[in-house]
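*Asks:* Per the working numbering, residue 11 is the first one in the first sequence, and the count goes up by one each step.
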Amino acid sequence: MAYWLMKSEPSSYSWDDLVRDGGTEWDGVRNNAARLHLKAMKKGDEAFFYASMTDKAVVGIMRITREAQPDPKDTDWVSVRVEPVKAIGPVTLKAIKAEPKLAKMELIRQSRLSVAPVRDDEWKTVLGMAG
DNA sequence: GCCAACGTTGGC
DNA sequence: GCCAACGTTGGC
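(1) Which residues does DSSP list as the beta-bridge partners of SER89?
(2) Please list, in chain order, all residues of the same chain as ALA105 whose beta carbon is under 7 Å from its beta carbon, the five residues on each side excluded.
(3) Is the CB-CB distance between PRO94 and VAL88 below 8 Å?
(4) Could you tell me which residues DSSP pairs with ASP84 in its beta bridges?
(5) Report yes or no: do the segment 43-57 and the segment 122-132 share at least 3 C-beta pairs separated by less than 8 Å?
(6) Using a threshold of 8 Å, state whether the C-beta atoms of GLU77 and LYS52 are closer than that.
(7) Quick one: residues in its chain with C-beta nearer than 8 Å to the C-beta of LEU112, no 5 flanking neighbours on either side, listed in chain order?
(8) Answer with buried or exposed for ALA67, where buried requires no fewer than 16 other C-beta atoms within 10 angstroms of its C-beta.
This is how it looks when you write it as structure tokens:
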């Protein structure tokens, strides 16, 4: 199973919105590198929900419930379906940056990438920091 | 094919 | 509010 990190601005779609909805179509990604990651996702993979801008923290775990298909809003792009697993953390960007084991996270290396892979050891490290 | 200009993201 | 990073566009 693979792990991922997906960003959302709480002002447009928050973790609470996801819990309320019970699952959502993760669409609107308009970046080629992010699209490649979406296409690589398999049903059952897990992903951190990263709340950007206001929180700047990992606040929950999601599960991929359907693999990539054309984004209904623009079929040049793709979307996956996700559901909330549980709230964690928050593990802040500040804490992630302060942890040497996480220095190579894509979140850090390419801060603008909205869908990024997470390595197994990084996943465990972040979970450990969530307490 | 190069690169300057511009737009967007997102941290600070 | 500012600006760095990055992607895209368009003139040449």
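Virtual Cβ for every residue (Gly too), placed ideally from N, Cα, C.
*Replies:* The structure says:
(1) For the purposes of this step, residue 89 is identified with residue 79 of the first sequence, where counting begins at 1. According to DSSP, residue pairing for SER89 in a beta bridge involves GLN79.
(2) The sequence position of residue 105 within the first sequence is 95, counting from 1. Taking ALA105 as the centre and dropping the five residues before and after it, the same chain places the C-beta of MET139 closer than 7 Å to its C-beta, in chain order.
(3) As a working note, residue 94 is residue 84 in the first sequence. As a working note, residue 88 is residue 78 in the first sequence. The answer is no: Cβ separation not under 8 Å.
(4) Counting from one through the first sequence, the residue named residue 84 turns up at place 74. Answer by DSSP bridge pairing, in chain order: ASP81.
(5) Flag = yes, the segment 43-57 and the segment 122-132 touch.
(6) As a first step, residue 77 must be located in the first sequence, where it is residue number 67. As a first step, residue 52 must be located in the first sequence, where it is residue number 42. Against a cut-off of 8 Å, the Cβ pair of LYS52 and GLU77 comes out as a contact.
(7) On the first sequence, position 102 is the one that residue 112 refers to. Around LEU112: ILE106, ILE118, GLU132, THR135, VAL136.
(8) The residue you call residue 67 lines up with position 57 of the first sequence. ALA67 is buried by the Cβ-count criterion.
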